[in-house]
Amino acid sequence: MIDYCMTTKRFVWVLSLFLVAGCFILSSYYKDQRIKIQPSFHTSTMHDLHLAHRENDEVKWELSATEAVFPIGGEEVFLKSLGLKINQPSGIYLESASAIYEIEGRNVTLNKPVELNMKDAKFTTDSLKWNSVNGLITTEDDVKLIGKNFVIEGTGLSAKTEQQYIRILKNVKAVFNL
């Protein structure tokens, strides 16, 4: 008659001996080698970020966000609840739930929903890109411009902040209240 309990105990003892011997061999092999464990993604986070860009002792634009995430590499910053004030005579102010700031090119890509406020009008769109070097605001999404006595809708936008020039690119529909 076979005693299964005895066979199981021997198997466990033999397996344990092999595991201990394996650990001993591995530890002696890697004794002088150092193993570095590196996480795949590092980030730093900052709350209540305020950034002002100056040229010739004059503030050209200011960026504020409730939270900024700086991933490893430092090429871009992920922003939450963004406010961007472009200091122009018309007083341009952009707001967005989230955005990406490209450090090298000083570009800001604002994501859904985006609101652009200026003097007596308000633009709304899903995404928008602002190039601070060229002073250019662009989007390919649907836009809506609401003023005191008018509503203009269309697709795509190109705006030059220095010249205060705004152009809706296609499918333009306007309603004026006289």
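The opening position of the sequence shown corresponds to residue 587 in the numbering used here, with each subsequent residue numbered one higher. Note that the Cβ used here is the ideal one computed from N, Cα and C, for glycine as well.
For residue i, three-class secondary structure by DSSP
i      : result
LYS746 : strand
LEU605 : helix
ILE752 : strand
Span of the beta strand (DSSP E), counted from its first residue to its last, around residue i
i      : result
GLU641 : 629 to 641
GLU653 : 644 to 657
Residues that residue i bridges to, as DSSP identifies them
i      : result
VAL758 : According to DSSP, which records beta bridges pairwise, VAL758 is partnered with nothing at all.
GLU662 : GLU688
Expected contact under 8 Å - CB spacing of residue i and residue j to nearest Å
i      : j      : result
ALA745 : ILE752 : 4 Å
ILE686 : GLU701 : Contact flag wrong, Cβ pair sits at about 17 Å.
SER682 : ASN703 : The Cβ separation is near 12 Å, so there is no contact.
- Message: As an exercise, report each continuous beta strand (DSSP E) stretch of at least 3 residues that is fully enclosed by the segment 664 to 745, in chain order.
- Response: 678 to 688, 693 to 704, 707 to 711, 714 to 717, 722 to 733
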